[in-house]
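Visitor:
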Amino acid sequence: MRKFLEKLHNFKLLPFFVIVSMIIGIAIGK
Numbered sequence: 001m002r003k004f005l006e007k008l009h010n011f012k013l014l015p016f017f018v019i020v021s022m023i024i025g026i027a028i029g030k
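If you count by UniProt numbering, then the sequence shown holds residues 1 to 30, one letter each, in order.
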């Protein structure tokens, strides 16, 4: 359960990683 709470806490950073991944994907796409 503790690991689940840690993942839930890290979930706040998910939007940041998604944006970075999109930027990298667009850069590679071009």
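All residues carry an ideal CB built from backbone N, CA and C; glycine is no exception. Please read these numbers as outputs of a predicted model, since none were measured by experiment.
So the alpha helix (DSSP H) M22 belongs to, where does it begin and stop?
Guide: Where M22 is concerned, the enclosing alpha helix (DSSP H) stretches over 14-29.
Visitor: For the alpha helix (DSSP H) that contains F4, what are its first and last residues?
Guide: Its alpha helix (DSSP H) spans residues 2-10.
Visitor: Rounded to whole angstroms, what's the CA-CA distance from I26 to L14? Just pull it up for me.
Guide: C-alpha separation (whole angstroms): 18 Å.
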